[in-house]
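Novice: Please find one structure pasted underneath; my questions will follow.
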Amino acid sequence: MVIKQISFFDPVKIARSGQAFRIQVIDSDHTELVAKGRYLQIARTGEDTFAFSCSEDEFQNIWYNYFDLGRDYREISKRIDKKDKYLQRAEEYGRGIRILKQEVFETTISYIISQRRSIPSITTSVEKISRISGKVIKAPKLKSPFVAPIHSEYYAFPSPDSLARLSTEELKETGVGYRAPYIAEAARDFASGKLDEKELARTGDEELYKALTGMYGVGTKVANCIMLFSFARTSRFPIDVWIQRILDNYYEGHFDTSSYPDTAGIMQQFMFYYERTKDIHN
DNA sequence: GTCCAGGATCGGG
DNA sequence: CCCGATCATGGA
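Residue numbers for the first sequence follow the working numbering, so the first one is 81 and each next one is one higher.
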């Protein structure tokens, strides 16, 4: 276990921000997630202090980067246009959210699934896919300040190889419906090396965008989500039905992302979280 | 039962 | 380039 003092960090808000589908709230002070083939629990131990159920090495090598802890969100907050009252409110409300750097393949498949579905429903499918083709992860025994994990075992998100091996019938049992062929092709392309995560990571925004939208079942919105949530391309601004509604209601249908050249995607996430959670949910 | 969901594809104008 | 129809299922 490690304890860290971190400001502008709120795992519960992150879990409810809709950017990741495998991070869950246990109670108001505890969250758990499966990523990078591991289980992690985070316990709030003070105003700005958190316990992570991992070693110092693991924290530095994996989670520091995963939770975007090297970025100064205080500075980002300060740079928000003072005249933009909606965005000011959204940022204050969502303060603590960070843009995760999730795994590329998992994010790609998850957002392919996401089209025309609700978040709870996406979560169910991602969970089922992991259960039928991901590696088992045994829940650790944790002591205070942690609590017992929700389940006794978890499943890593599958590798491209193992997902590509699923039959169409097996895939459809996960509830992905007509997106099954999209998923199958994406899995084959990552498995064969036609799409290579490390190569993609080296390319510029426009080239990466072209490569992603070139995939079967990946359009404008999903490509931007993949770029934002797994490639740390924080200038990308995915527009879904929620964001479009916000733009229509508060921005005359259009948001000028040029005001936030490197952080538009972070603004997007504040808006999305605020609009979805300020009244009720889902 | 009814409605809509973190959209994309396809064909046609 | 833009438009409309269509897509399979779950969850409320």
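Beta carbons: idealized from backbone N, C-alpha and C, even for Gly.
Can you tell me whether Glu332 is buried or exposed? The criterion is at least 16 other CB atoms within 10 Å of its CB, across all chains shown.
Specialist: The residue in question, Glu332, is exposed, as its Cβ has fewer than 16 Cβ neighbours within 10 Å.
Novice: Once DSSP output is grouped into helix, strand and coil, what is the label at Thr125?
Specialist: Note: Thr125 maps to coil in three-state DSSP.
Novice: What residues in its chain sit with their C-beta under 7 Å from that of His231, if we drop five residues either side in the sequence?
Specialist: Hits under 7 Å: Ala219.
Novice: Can you give me the C-alpha to C-alpha distance between Asn362 and Arg124, rounded to a whole angstrom?
Specialist: Note on Asn362: pLDDT 49, under 50, position unreliable in the model; no value is reported.
Novice: Name the DSSP beta bridge partners of Ala131, please?
Specialist: Ile83 and Ala123.
Novice: Quick check on this structure: which residue in Lys290, Thr283 and Ala115 has the alpha carbon closest to the alpha carbon of Glu365?
Specialist: Look at the range of the chain in this structure, 81 to 362, and you will see that residue 365 is not part of it.
Novice: Starting from Lys218 and walking both ways along the beta strand (DSSP E), at which residues does that stretch end?
Specialist: Its beta strand (DSSP E) spans residues Val216 to Lys218.
Novice: Could you give the residue range of the alpha helix (DSSP H) that holds Tyr354?
Specialist: Here the alpha helix (DSSP H) through Tyr354 covers Ala344 to Thr357.
Novice: Work out the CA separation of Gln195 and Asp164 for me, nearest whole Å.
Specialist: Using only the alpha carbons, I get a separation of about 30 Å.
Novice: Helix, strand or coil: which one does DSSP assign to Ala170?
Specialist: Helix, per DSSP.
Novice: Kindly identify the DSSP beta-bridge partner or partners of Arg118.
Specialist: Bridge partners of Arg118: Ala115.
Novice: Give me the Cβ distance between Val105 and Ala95, rounded to the nearest whole Å; I'm assuming they're in contact under 8 Å.
Specialist: Yes, Val105 and Ala95 are in contact; Cβ-Cβ is about 5 Å, under 8 Å.
Novice: Just how far apart, CA to CA, sit Asp328 and Trp322?
Specialist: Each residue's Cα considered, the two are about 10 Å apart.
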